[in-house]
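Read the structure below first, then the notes.
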Amino acid sequence: MRTVEEHQAAVAALLAPLGEEEVPVAAAHGRVLARDVAAGVPLPGHDNSAMDGYAARSADLAALPVRLPVADDIPAGRTEVAPLAAGTVQRIMTGGLLPPGADVVVPVELTDAATDVVEIRDAPAAGTHLRRTGEDITAGTVALEAGSPLGAAQLGLAAAVGARTLWVRRRPRVLVLSTGSELVEPGEPLLPGQVYESNSLLLCAAVEDAGGTARRLHFVPDDVDQFLTTVRSELADADLLVTSGGVSAGAYEVVKDAFRTLGTVEFGKVAMQPGGPQGAGTVDGVPVVTLPGNPVSSFVSFEVFVRPALRRALGHASPDRLRAPALLTAPLRSPAGRRQFLRGRYDAGRVSQVGGPGSHLVAHLARANCLVVVPEDVTELPAGAEVDVVLIEGALQ
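Using the working numbering, the letters of the sequence shown map in sequence onto residues 0 to 396.
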């Protein structure tokens, strides 16, 4: 029986780093940066005002109130300004270019807001309400490091330092296939013994959440020849095939039976619950990860093994989910010798178990926002004990 870490390493070894491609900044949302981005300009790019008000010399504000002539108007976007003469002020808008000689901006609220001769009733200290050139980032400095996921803030920074395109990792192309003669398309009539096929939708969404593109293959019955024909007809353009179902120890385990004939996929047990039966290898040179068929087992197995491997291939500097310590709100039990991944609800440093450990409890999974990790050598924990939780959907990412 493999440990969780041993199977994680086996899956990760299947996926090589993905190639790079250059895309417009506007098309890079959700991608992973492949090369550092250096700032082409400093931020701010010039000394400017942080407030609507009056650019002034602090020496002229020693005795308040004071009335000073307004020598000029400086709206945001003006590219040239005259130096500030002693004994005068210049009306300035937020972002406006600070005139040479000014060392403070007096907010308009501290004045009578006049445009010819302004009365200044109060004034802040020298250096207040000024944004200095490069105080955020200097030109030539690395603004974004390779491995950074590109969200709204990162794209805003890339544009602010002048980047028009970015080098990102290519998205992995993942095929998703569920197996089982009992599966029926959602919405169709169900006969006794049949269930609606949900794993492929669950796994496709998980692939896309991890940064890949998923293609859902129509599920196949428990027939080895039909399974192999379906798989081999679709592999040419794939970076990874993920299957669910057909990997346990019983009869009619189509994935195990089919891939064992090829001799390139290894099957075994992992010391975890749910998700014990696992497989990994290649088919026609394409990486394959086979997951168990129970929905919760399939989801947890993807989270533990496939998601971090995909994110490493994408070049993520931090491929793993965020973890946090939490205090149990109630006692729990766990089988010896297996790492337990219980569904939980995390809130403000405390976690409560959602439902039981059964791998068929999809409704409980949908209400969870974390996985509670119980080590292999722990069989019970009291309320108030500290546990490690993995934050998943609906939690802080």
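All residues carry an ideal CB built from backbone N, CA and C; glycine is no exception.
Next item on the list: Could you name each continuous beta strand (DSSP E) segment of 3 residues or more that falls completely within the segment 110-189, going from the start of the chain to the end?
Entry: 116-119, 141-143, 164-168 and 172-177
Next item on the list: May I ask which residues mark the beginning and end of the alpha helix (DSSP H) holding Phe298?
Entry: Pro294 to Ser300
Check: So the alpha helix (DSSP H) Thr260 belongs to, where does it begin and stop?
Finding: Val253 to Leu261
Checklist line | Backbone CA spacing between Arg215 and Gly245 [nearest angstrom] | finding: 17 Å
Check: With respect to the alpha helix (DSSP H) encompassing Val388, which residues constitute its N-terminal and C-terminal limits?
Finding: Premise fails: Val388 lies in the beta strand (DSSP E), Glu385 to Leu390, not in any alpha helix (DSSP H).
Next item on the list: Taking Arg338 as part of the alpha helix (DSSP H), name the residues at either end of that continuous run.
Entry: Unbroken run through Arg338 is the beta strand (DSSP E), Arg338 to Asp346; no alpha helix (DSSP H).
Checklist line | CB contact flag (Glu379, Ser333, <8 Å) | finding: yes
Margin query: Can you tell me which residues form a DSSP beta bridge with Ala279?
Written below: Glu265 and Val288
Check: Out of curiosity, what's the CA-to-CA distance linking Glu79 and Leu97?
Finding: 10 Å
Note to self: I'd like to know whether the C-beta atoms of Pro330 and Ala382 end up nearer to each other than 8 Å.
What the structure shows: yes
Margin query: Does Asp115 pass the burial test, meaning 16 or more other C-beta atoms within 10 Å, or should it be called exposed?
Written below: exposed
Check: Smallest Cα separation from Arg1: which of Val269, Glu118, Asn47 and Ser177?
Finding: Val269
Check: Quick one: what does DSSP say Ala394 is sitting in, helix, strand or coil?
Finding: Because Ala394 carries a pLDDT of 42, less than 50, the predicted location of this residue cannot be relied on, and the following value inherits that uncertainty. If DSSP states are grouped into helix, strand and coil, Ala394 belongs with coil.
Next item on the list: Can you tell me which of the three DSSP states Pro374 falls into?
Entry: coil
Note to self: Contact defined as beta carbons within less than 8 Å: I believe His359 pairs with Pro294. What is the distance between those atoms, to the nearest angstrom?
What the structure shows: 7 Å
Item checked: Nonlocal neighbours in the same chain, by C-beta distance under 6 Å from Val288, ignoring five residues either side -> Val10, Val241, Ala279 and Val305
Item checked: As assigned by DSSP and simplified to three states, the class of Leu240 -> strand
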